[in-house]
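A.B. asks:
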Amino acid sequence: TRSLIIYGQGAMRCHPFVLKEIEAAQDKNFERGLKEFDDALFSHIGYAISNVVRSFILALTHGRNSRIPINTPTKRYYQHINRYSAAFALASDFAMLTLGGELKKKELLSARLGDVLSTMYLASTVLKHFENQGRPSVDLPLVEWSVRTLMYKTQEQLHNFLTNLPNRVAAFFLRCFIFPRGRKYSPPSDHLTRKVANIITCTGESRQRLCEQAYTTIEPNNPLGLLEEALMISEELALIEEKLKQAHKEGHIKSEYLPHQIQEAQKCGILKDKEATKMKEYHKKVFELLSVDDFDQKELGRH
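Residue 591 in this note's numbering is what sits at position 251 of the sequence shown, and the numbering runs on without skipping anything.
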């Protein structure tokens, strides 16, 4: 799929001039075919030159000042997509120019270009989804983490493509125009990753939007719903859990096993009976979620 479907077939079909050139070359009417071929060829040359210039300028400026459709907090990410879109167009032109029909056989190379196309498409869907939902500011860390991850993969796959392109002269030329300042795009920072982790592990609007297409109804045979229920209960009991941790830290509770800790805390008066009951119920739910299928050895033996 990566090498043949996403890129291999699409490279020819979606290129604005290659298919026209092939059709003109196969035209039985020589004069008409020659005219159409010349028109397509010179248009292709102009297109290739514009790709070289556009890719170089956008790479130098890291996409700054490139046009975007809307004024939005995610403006820079649209510009990053523009920058790598120009680089992808240039790399595709040179891949077809230097490899010709062999490109389909060089599946590792075409797969990398397919990955570049896929990651840019996914990044654009993230931005579109953010706009469709009304640009909620609390979702910005999720958008940034997603787009940065995808754009970093785009950069690295372009780098890997250039590293493995058989024509080393073409690879050197392309690197000068695609990465004139080197590979400057970095993956999400640990700080941003922690932000995202906090958002998706706490109930709230952002998490609700992420789960809106998931079946999270709380019922016995729906593990996802039971997991959601456990998360909500854990937030309700956060203060009680903190009491237990503090009591254990100060030496009032000796046991390392949570059910025993709850019993000790109840006896010592650290937890009220109602609090202890809630904690026991919560522990039981978590234990059931974490449990895996268990089979007796005799059941697995030969009959």
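All C-beta atoms, glycine included, are put in the ideal place defined by N, C-alpha and C.
Is there contact between the segment 449-458 and the segment 386-397, where contact requires at least three CB pairs shorter than 8 Å?
C.D. replies: Output reads no: the segment 386-397 does not touch the segment 449-458.
A.B. asks: Taking only three categories from DSSP, how would you classify residue 447?
C.D. replies: Three-state result, residue 447: helix.
A.B. asks: Output yes or no for whether 8 Å exceeds the beta carbon distance between residue 575 and residue 558.
C.D. replies: No. Outside cutoff.
A.B. asks: Quick one: residues in its chain with C-beta nearer than 7 Å to the C-beta of residue 554, no 5 flanking neighbours on either side, listed in chain order?
C.D. replies: If we look at residue 554 and ignore the five residues flanking it on each side, its Cβ neighbours are 564.
A.B. asks: Please return the same chain residues whose Cβ sits closer than 6 Å to the Cβ of residue 376, not counting the five positions on each side in sequence.
C.D. replies: Here the set comprises 364.
A.B. asks: My understanding is that residue 404 touches residue 426, with C-beta atoms under 8 Å, so please give their C-beta distance in whole angstroms.
C.D. replies: Going by Cβ atoms, the distance from residue 404 to residue 426 rounds to 13 Å, so no, they are not a contact pair.
A.B. asks: What residue does the alpha helix (DSSP H) around residue 554 start on, and which one ends it?
C.D. replies: Taken as a continuous stretch (DSSP letters only), residue 554 belongs to no alpha helix (DSSP H), as it is neither H nor E.
A.B. asks: DSSP on residue 489, reduced to helix/strand/coil?
C.D. replies: DSSP places residue 489 in helix when its eight states are reduced to three.
A.B. asks: What does a CB cutoff of less than 7 Å around residue 462 pick up in its chain, not counting 5 residues either side in sequence?
C.D. replies: Within the same chain, residue 462 has close Cβ partners 490.
A.B. asks: Closer than 7 Å by C-beta to residue 577: which residues in its own chain qualify, once you throw out the five before and the five after it? Chain order, please.
C.D. replies: Excluding positions up to five away in sequence, the list reads 618, 619 and 622.
A.B. asks: Between the C-alpha atoms of residue 551 and residue 399, what's the straight-line distance to the nearest angstrom?
C.D. replies: The alpha-carbon atoms of residue 551 and residue 399 are separated by roughly 37 Å.
A.B. asks: Can you find at least 3 beta carbon pairs, one from the segment 412-432 and one from the segment 507-524, that sit closer than 8 Å?
C.D. replies: The answer is yes - the segment 507-524 touches the segment 412-432, with three or more Cβ pairs under 8 Å.
A.B. asks: Tell me, to the nearest whole angstrom, how far the beta carbon of residue 588 is from that of residue 601; I am working on the premise that it is less than 8 Å.
C.D. replies: 6 Å between Cβ atoms; contact.
A.B. asks: Would you give the residue range spanned by the alpha helix (DSSP H) that residue 391 belongs to?
C.D. replies: That run of the alpha helix (DSSP H) goes 370-401.
A.B. asks: Taking 8 Å as the cut-off, does the segment 472-480 touch the segment 366-375 (at least 3 CB pairs, one atom from each stretch)?
C.D. replies: Short answer: they don't touch.
A.B. asks: Does residue 487 pass the burial test, meaning 16 or more other C-beta atoms within 10 Å, or should it be called exposed?
C.D. replies: Per the 10 Å Cβ criterion, buried.
A.B. asks: Do residue 528 and residue 485 have their beta-carbon atoms positioned less than 8 Å apart in this structure?
C.D. replies: Yes.
A.B. asks: Is it buried or exposed, residue 593, if we count other Cβ atoms within 10 angstroms and call 16 or more buried?
C.D. replies: Buried: at least 16 other Cβ atoms inside 10 Å.
A.B. asks: Is residue 559 helix, strand or coil when you go by DSSP?
C.D. replies: Correct three-state label for residue 559: coil.
A.B. asks: Output the boundary residues of the alpha helix (DSSP H) element that contains residue 534.
C.D. replies: Note, residue 534: alpha helix (DSSP H), 530-540.
A.B. asks: Sorted by chain position, which residues of the same chain lie with C-beta nearer than 7 Å to residue 501's C-beta, five sequence neighbours on each side aside?
C.D. replies: Cβ within range, chain order: 431, 449, 452 and 453.
A.B. asks: Excluding the five sequence neighbours on either side, which residues of its own chain have a C-beta within less than 6 Å of the C-beta of residue 396, listed in chain order?
C.D. replies: Taken in chain order, the residues that qualify are 517.
A.B. asks: Can you find the residues in the same chain that come closer than 8 Å, C-beta to C-beta, to residue 459, ignoring five residues on each side of it along the sequence?
C.D. replies: Once the five neighbours on either side are set aside, the close Cβ partners of residue 459 are 490, 491, 493, 494 and 497.
A.B. asks: Considering only the alpha carbon of each residue, which of 413, 408 and 412 lies closest to residue 421?
C.D. replies: Comparing Cα positions, the closest option is 408.
A.B. asks: Please classify residue 503: is it buried, with 16 or more other beta-carbons within 10 angstroms of its beta-carbon, or exposed?
C.D. replies: It is exposed - the Cβ of residue 503 has fewer than 16 other Cβ atoms within 10 Å.
A.B. asks: Just mark residue 467 as buried or exposed, buried being the case when its beta carbon has 16 or more other beta carbons within 10 Å.
C.D. replies: So residue 467 counts as buried.
A.B. asks: Ends of the alpha helix (DSSP H) at residue 602?
C.D. replies: Run containing residue 602: 598-608, per the alpha helix (DSSP H) assignment.
A.B. asks: Assuming residue 585 is part of the alpha helix (DSSP H), what are its boundary residues?
C.D. replies: Residue 585 -> alpha helix (DSSP H) spans 578-589.
A.B. asks: Taking C-alpha atoms, which residue in 582, 544 and 596 lies nearest to residue 572?
C.D. replies: Residue 544 is the option with its Cα nearest to residue 572.
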